[in-house]
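Quick note on the working numbering: the sequence shown kicks off at 1 and runs consecutively.
Below is one structure, written out as structure tokens; the observations come after it.
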Amino acid sequence: MVTSFFHYKKMLLAIAALVLLSICITTFLDKKPDQAALTQPVPAIVAPEAALKTGIAEIAKDKQVKTVKQQLTPQKPAYDKVKVVATGYTAGVESTGKRPGHPSYGITYSGVKVRRDMVSTIAADPKLFPIGSLLYIPGYGYGVVADTGSAIKGSRIDLYFETTADVFKQWGKRTVEVEVIRKGSGKLSQAWLNKVNKAAEAGKDLPEAYLES
């Protein structure tokens with residue numbers, strides 16, 4: 001009787017094991033694969049050397065793009081600005097005491113001829129703006145310091161105009177903030193003045209090369 005009981009117990013355990021195994025197999029077969037996981041690309045294994053080269057290439061490319069952008073959109077340099085009182089003068093007797101026919105009529109202290117052009121001749125105190133200094137005067141344009149004057153001292157400049165009528169009509173007396181494009185060396189040549197104005201007239205603007213030359 002005892003033997004039969006143990007035999008019966010083993011049979012029950014075997015049947016339970018078979019039922020459990022059947023349930024596990026059914027569950028595994030019914031489970032659908034994760035489609036999203038199957039469609040995900042397998043990440044490529046990149047060697048350290050290749051990754052380094054790729055990174056360097058990207059940095060170089062980014063730097064090249066920035067350089068091109070800088071070339072396409074040049075920034076205007078920040079020039080020194082000085083506030084001055086600006087008046088106007090002519091080559092005539094009312095400003096210089098000289099009349100047409102005088103050997104020095106129309107000749108500035110630097111030796112160049114007075115000129116109202118893309119780059120005009122102006123007078124200034126050489127202690128503040130040495131001869132040859134190139135200024136941008138708002139409302140007047142570019143002016144190169146070519147002359148001096150007994151009344152032109154400190155932060156005061158005199159702008160050349162062809163007639164007294166032009167002085168009164170176009171300018172008068174103003175307080176302006178000028179930009180110092182280039183500080184002069186104390187000298188100015190007629191050749192430079194002619195050349196820069198000719199180049200500016202051709203391009204309808206003042207060439208950058210002449211601003212710094």
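C-beta atoms are modelled at their ideal positions from N, C-alpha and C, and glycine is treated no differently.
| Query | Result |
| --- | --- |
| Candidates 200, 15, 171, 148, of which the one nearest residue 107 by Cα | 148 |
| Identified DSSP bridge partners for residue 106 | According to DSSP, which records beta bridges pairwise, residue 106 is partnered with nothing at all. |
| Beta-carbon separation (whole angstroms), residue 131 vs residue 110, contact threshold 8 Å | 5 Å |
| Sequence-distant residues of its chain with Cβ nearer than 6 Å to residue 193 (five each side left out) | 112 |
| Secondary structure of residue 135, DSSP reduced to three states | strand |
| Coil, strand or helix - residue 187 by DSSP | coil |
| Contact belief for residue 135 with residue 177 at Cβ below 8 Å, rounded distance in angstroms | Not quite, the Cβ-Cβ distance comes to about 11 Å (not below 8 Å), so this is no contact. |
| Expected contact under 8 Å - CB spacing of residue 79 and residue 123 to nearest Å | With a Cβ gap of about 20 Å, residue 79 and residue 123 do not count as contacting. |
| Cβ-Cβ separation, residue 120 to residue 92 (assumed contact under 8 Å), whole Å | So it is not a contact: roughly 16 Å between Cβ atoms. |
| Alpha carbon of residue 161 to alpha carbon of residue 172, nearest angstrom | 11 Å |
| Boundaries of the beta strand (DSSP E) in which residue 162 is found, first to last residue | No beta strand (DSSP E) holds residue 162; DSSP gives it neither H nor E. |
| Check whether residue 143 and residue 128 have beta carbons under 8 Å apart | no |
| Residue 82 in three-state terms, based on DSSP | strand |
| 8 Å CB neighbourhood of residue 197 in its chain, flanking five on each side removed | 115, 117, 118, 119 |
| Within 8 Å, strictly: CB atoms of residue 187 and residue 133 | no |
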